[in-house]
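Colleague: Have a look at the structure that comes next, please.
Numbering (our numbering), first residue to last: 47 to 306.
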């Protein structure tokens, strides 16, 4: 039986723009003997752009889920590269089309394809890194200080647990020790981290207090957490980029490096 083909529409909302309509085919799946492609069509609108993606599925619910995951991973990478929040909204004529952004990053077809290519290759070779990028994207979208804290700290924790050289300190499996080793591996010696003394310890303790309900939820407490966000966000982004520079880019020098 032939696979059912669906078209799924999204509003892509953010300080981004395209000059004109963009159309291309993007490969999906990883079976070299049965490749299939999704048709992508992007059109300009005041609040970003509209996207139509073809999906192959038995039901409309599965088609929408597949399209959201497929396009959403590209969105996450695009958000990282451009350091801005980018939202996906199911397009059923309900979004407030009056929303506008005074300044916008003009994207070319090559920018979109680059983000698709990176997300696709990371999905195969470095899925943990792609997951961390997804959390970074979530942090950029949130306006809640606690949600932002967890999103950006999740980036640090996810990457710290996966990307570190095994040492006596990390063999016990303690997450904080793994994060310390990860920072040494990708930021260099402690003196080069550009972080306050005891920063990892403080962030780790704060995470535990919030998660286990020991943190106050007063306005003053929330304000104190919000003051931590800029440095935590920058550090999470720098860690992602340093790991991409050291691990992923080896692929393009003839070395296919998979997750440790």
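For every residue, glycine included, the Cβ atom is placed at its ideal position computed from N, Cα and C.
Considering only the beta carbon of each residue, do residue 105 and residue 85 sit closer than 7 angstroms?
Modeller: no
Colleague: Going by beta carbon distance, what residues of the same chain come within less than 8 angstroms of residue 71, once the five residues before and after it are set aside?
Modeller: 83, 84, 85 and 86
Colleague: List the endpoints of the continuous alpha helix (DSSP H) containing residue 103.
Modeller: Element bounds for residue 103: n/a, residue is neither H nor E.
Colleague: Can you give the Cα-Cα distance for residue 212 and residue 199, rounded to whole angstroms?
Modeller: If I take the Cα positions, the gap works out to 22 angstroms.
Colleague: Can you check which of these residues, 163, 126 and 217, is closest to residue 280 by C-alpha distance?
Modeller: 126
Colleague: Starting from residue 177 and walking both ways along the beta strand (DSSP E), at which residues does that stretch end?
Modeller: Careful: residue 177 lies outside any beta strand (DSSP E), inside the alpha helix (DSSP H) at 173-187.
Colleague: In the structure shown, what three-state DSSP assignment does residue 54 receive?
Modeller: Secondary structure of residue 54 (DSSP, three-state): strand.
Colleague: Rounded to whole angstroms, how far is the Cβ of residue 161 from the Cβ of residue 123, which I believe are closer than 8 angstroms?
Modeller: Their Cβ separation, rounded to whole angstroms, is 4 angstroms, which keeps residue 161 and residue 123 in contact under 8 angstroms.
Colleague: Identify, in the order they occur along the chain, each residue of the same chain with its Cβ nearer than 7 angstroms to the Cβ of residue 61, setting aside the five sequence neighbours on each side.
Modeller: 130, 147, 149, 150 and 151
Colleague: Just to confirm my understanding: we take residue 136, look at its own chain, exclude 5 residues before and 5 after, and list those with CB closer than 7 angstroms. What are they?
Modeller: Cβ within range, chain order: 56.
Colleague: Hey, could you find the ends of the beta strand (DSSP E) residue 147 is sitting in?
Modeller: Per DSSP, residue 147 belongs to no beta strand (DSSP E) and is neither H nor E.
Colleague: Does DSSP put residue 60 in a helix, a strand or coil?
Modeller: In the structure shown, residue 60 sits in coil (DSSP, three-state: anything other than H, G, I, E or B).
Colleague: Taking the continuous alpha helix (DSSP H) assigned at residue 68, which residues delimit it?
Modeller: Where residue 68 is concerned, there is no enclosing alpha helix (DSSP H), although the beta strand (DSSP E) it sits in stretches over 68-74.
Colleague: Under the DSSP definition of a beta bridge, which residues are partnered with residue 87?
Modeller: Paired residue(s): 69 and 98.
Colleague: Three Cβ pairs or more, each shorter than 8 angstroms: is that satisfied between the segment 201-216 and the segment 261-270?
Modeller: Short answer: they don't touch.
Colleague: Can you list, in chain order, the residues of its chain with a C-beta nearer than 7 angstroms to that of residue 184? Leave out the 5 residues immediately preceding and following it.
Modeller: 197
Colleague: Which of the three DSSP states is assigned to residue 136 in this structure?
Modeller: strand
Colleague: Using the Cβ count rule (16 or more neighbours within 10 Å means buried), how would you classify residue 51?
Modeller: exposed
Colleague: Sort out for me which residues DSSP pairs residue 153 with in a bridge.
Modeller: 64
Colleague: Give the secondary structure of residue 190 by DSSP, where H, G and I count as helix, E and B as strand, and everything else as coil.
Modeller: coil
Colleague: With a cut-off of 8 angstroms on the beta carbons, I'd call residue 226 and residue 246 a contact; round off their distance for me.
Modeller: 6 angstroms
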